[in-house]
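Quick mapping for you: the protein sequence lines, in order, are chains A and B. Residue 1 is where the first sequence starts when you use my numbering, and the numbers rise one by one after that. Residue 1 is where the second sequence starts when you use my numbering, and the numbers rise one by one after that. To start, the structure itself, in structure tokens.
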Amino acid sequence: KNEVEQSPQNLTAQEGEFITINCSYSVGISALHWLQQHPGGGIVSLFMLSSGKKKHGRLIATINIQEKHSSLHITASHPRDSAVYICAVNTGNQFYFGTGTSLTVIP
Amino acid sequence: KAGVTQTPRYLIKTRGQQVTLSCSPISGHRSVSWYQQTPGQGLQFLFEYFSETQRNKGNFPGRFSGRQFSNSRSEMNVSTLELGDSALYLCASSPQPEGNSPLHFGNGTRLTVT
């Protein structure tokens, strides 16, 4: 049983396209995190959400607590956005992670 | 501000040995959490320390342990290594505990058990 489900698993887009990655979870959470991992392992925290919507540059993250669903949007995608995007939820005493979405943006 | 520093970056050990990994958090961050990442299981939460106390623990056997020092630096120990312990071990620091503030990850320690 996976507490966090992400879709799609793999995504290929042309440069400039609008991208959406989805995350559904089945547990009660105190916060949801979107993480970015580039080849080589380094992980960067993109957003931490407990409600509503956040925007940073070309990235937008939304969360619907009632539906237990979050989305990460990338506007005007660029090859440097190519990475694995991971959704993580914190229940207050545990972290659960999605399996990640591997994004490739083609010039 | 210096980032999260993990040492060593790479480690090769033999089955049955033990290993200690180190994590130095961002200055001022009192929470340090540890994670294991493998191709098969993905990212999994190991434990979290805040102000020298273990706050939370994931579903790992007792061979995995950790501690935090008064300067917030943390160590993770794995005893009686098994082949399945080969993984990337990541730590993250944050100002507040329990994932309620953004996480800052180190570059990880890649452990290979032969």
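Glycine included, C-beta positions come from ideal geometry on N, C-alpha and C.
Option nearest residue i by Cα separation, candidates the options
{"i": "V27(A)", "options": "I106(A), I60(A), N93(A)", "result": "N93(A)"}
{"i": "A93(B)", "options": "Y10(B), P39(B), S24(B), R9(B)", "result": "The sequence shown places Ser at residue 93(B), not Ala. Comparing Cα-Cα distances from S93(B) to each of Y10(B), P39(B), S24(B), R9(B), the minimum goes to S24(B)."}
{"i": "F95(A)", "options": "Y35(B), R15(B), L83(B)", "result": "Y35(B)"}
{"i": "G42(B)", "options": "T101(A), T62(A), A31(A)", "result": "T101(A)"}
{"i": "P97(B)", "options": "S30(A), L72(A), I63(A)", "result": "S30(A)"}
{"i": "S70(A)", "options": "M48(A), H56(A), P79(A)", "result": "M48(A)"}
{"i": "P61(B)", "options": "K13(B), T53(B), F45(B), F50(B)", "result": "F45(B)"}
{"i": "P8(B)", "options": "E75(B), L81(B), S79(B), H104(B)", "result": "E75(B)"}
{"i": "P95(B)", "options": "V78(B), V19(B), V32(B), A2(B)", "result": "V32(B)"}
{"i": "K13(B)", "options": "H104(B), T80(B), S101(B)", "result": "T80(B)"}
{"i": "H56(A)", "options": "S50(A), L46(A), I63(A), N64(A)", "result": "L46(A)"}
Proximal chain A residues relative to residue i, where beta-carbon distance stays under 7 Å
{"i": "G42(B)", "result": "F97, T99, G100"}
{"i": "N56(B)", "result": "N93, Q94"}
Min CB distance residue i to chain A below 8 Å
{"i": "L90(B)", "result": "yes"}
{"i": "L103(B)", "result": "yes"}
{"i": "G62(B)", "result": "no"}
{"i": "F45(B)", "result": "yes"}
{"i": "N107(B)", "result": "yes"}
Chain B within 8 Å of residue i, Cβ atoms only
{"i": "I21(A)", "result": "no"}
{"i": "S24(A)", "result": "no"}
{"i": "A31(A)", "result": "yes"}
{"i": "G16(A)", "result": "no"}
Cβ-Cβ separation, residue j to residue i (assumed contact under 8 Å), whole Å
{"i": "L32(A)", "j": "V84(A)", "result": "Actually they do not touch by this definition, with Cβ atoms about 17 Å apart."}
{"i": "L90(B)", "j": "G106(B)", "result": "6 Å"}
{"i": "L72(A)", "j": "I21(A)", "result": "5 Å"}
Pair within 8 Å by beta-carbon distance, residue i and residue j
{"i": "V113(B)", "j": "R30(B)", "result": "no"}
{"i": "A61(A)", "j": "K53(A)", "result": "yes"}
{"i": "E48(B)", "j": "N59(B)", "result": "no"}
Listed by chain order, chain A residues near residue i by CB distance under 9 Å
{"i": "N100(B)", "result": "S30, A31, M48, S50, N90, G92"}
Under 9 Å by beta carbon: chain B residues contacting residue i
{"i": "G57(A)", "result": "Under the 9 Å cutoff, chain B gives no residues; its nearest Cβ is about 16 Å from G57(A)."}
{"i": "I74(A)", "result": "Those do not exist, as I74(A) stays about 19 Å from chain B at its closest Cβ, beyond 9 Å."}
Chain-ordered chain C contacts of residue i [CB-CB under 8 Å]
{"i": "I106(A)", "result": "Although the question refers to chain C, the structure presented lacks it and instead comprises the protein chains A and B."}
Cross-chain neighbours of residue i in chain B, by beta carbon under 7 Å
{"i": "I63(A)", "result": "Near I63(A) there are no residues of chain B at all, since even the closest Cβ is about 14 Å away, more than 7 Å."}
{"i": "I60(A)", "result": "Chain B residues near I60(A): none, gap ~17 Å exceeds 7 Å."}
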